[in-house]
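Written below as structure tokens is the structure these notes are about.
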Amino acid sequence: MPDTMERLSRVSAAWRGACPACRAPEAGTGEYRDCMGCGSVWVPSRRDYRYDDEYPAFRGHHDDAIAACKIKTFERWQRRLETPLAGKNVLEVGFGGGATLAWMRDRGATVSGVEPVAANRAAAAALGVPPARIAARLDDIAGEDFDLVFYLDSFEHETEPSRHLEKLNRLTRPGARALLVLPVADCLSRRVMGRWWPHDIRDHWVFYSTLGLTRLWDHHGWSLESTFHPSKYISGLTIARHVELKTRVPLPAAPLRSTAIWLNFGERGLIFQKTAE
Ligand SMILES: [Zn+2]
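Numbering (the working numbering) for the sequence shown: 2 to 278.
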């Protein structure tokens, strides 16, 4: 008969390997783990990815043209909430360069943001977001009652999603809503492109399925209100850089700078509402 400590450590090891979305037991031993319960996919070796000050350059967080495209994109996505931002207490988790926070503040929202990269926190402060409302971790925020929470390509970076949602529940009012946009496992482009899928990169440790996300948020008292197809306004320059990386053929930057198109490679938008007290 194993002693209590031995049993506890065995239980905790089993939980570490379970599906991050629905907690079904881990299947497979390869680099990519698939959940038989909800269809989410995760890569345990990527879970310890470190976000440093090189990260914003890697992701183009401080490029003005990219920020302008992000705003144009976000303006369209947030209309899905069908509610004015003015007077709302808003939180954005993983705000990148901070352009969306400043944009919401300009529309009358009280904005707070969580961002692990110090250079990004400084960028948001430079855009006029009050430093007291900028935190490195959700754990550093207290005494708030948020109405709206945004995760724009960020929820898939949370390495402890359940713990994160427990904390979020202490910072949101009943009836609060969360809008997420993220690449999902259950999309056509991932099935077609396999390992060439553009979202399959070193800082993405999990690709939730829509079912997995719904179960995870539901487990914490949030019900799925709606889903949407979140196209992104992407500049010709960004697309050209990706093509150059693959083909090593330089493309003319000047004419591409002013062009942009709406694209979606396997991302889903989801809106959850907090139904629990
Ligand atoms: Zn699962």
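Just so you know, even glycine gets a beta-carbon here, dropped at the ideal spot from N, CA and C. These figures come from a predicted structure and were not determined experimentally.
> Nearest CA to the CA of P131: which residue from F151, D148 and A103?
Replying inline: A103
> Per DSSP, which one or two residues make a beta bridge with E268?
Replying inline: P184
>> Restricting to Cα atoms, I'd like to know which of R106, G222 and V250 is closest to S163.
In response: G222
> Can we say the segment 231–246 touches the segment 64–71, given the rule of at least three CB pairs closer than 8 angstroms?
Replying inline: yes
> To the nearest angstrom, how far is it from the Cα of T111 to the Cα of R249?
Replying inline: 45 angstroms
>> Our contact map puts F208 next to A186 with C-beta atoms below 8 angstroms; I'd like the distance itself, whole angstroms only.
In response: 4 angstroms
> Got a list of residues with beta-carbon closer than 5 angstroms to any non-hydrogen atom of ligand 1, in chain order?
Replying inline: C20, A22, C23, A25, C36, G38, C39, S41 and G213
> M105: buried (16+ other C-beta within 10 angstroms of its C-beta) or exposed?
Replying inline: buried
>> Counting C-beta neighbours from all protein chains within 10 Å, is the total for L189 16 or more, i.e. buried, or is it exposed?
In response: exposed
>> By the three-class DSSP mapping on this structure, what secondary structure does K299 have?
In response: Past the boundaries of the shown model lies residue 299; the chain is included only from 2 to 278, so the question cannot be answered.
>> Quick check: what's the CA-CA separation for A19 versus T228?
In response: 26 angstroms
>> I'd like the list of long-range same chain contacts for F75, defined as Cβ closer than 6 angstroms, with 5 residues on each side in sequence excluded.
In response: T101
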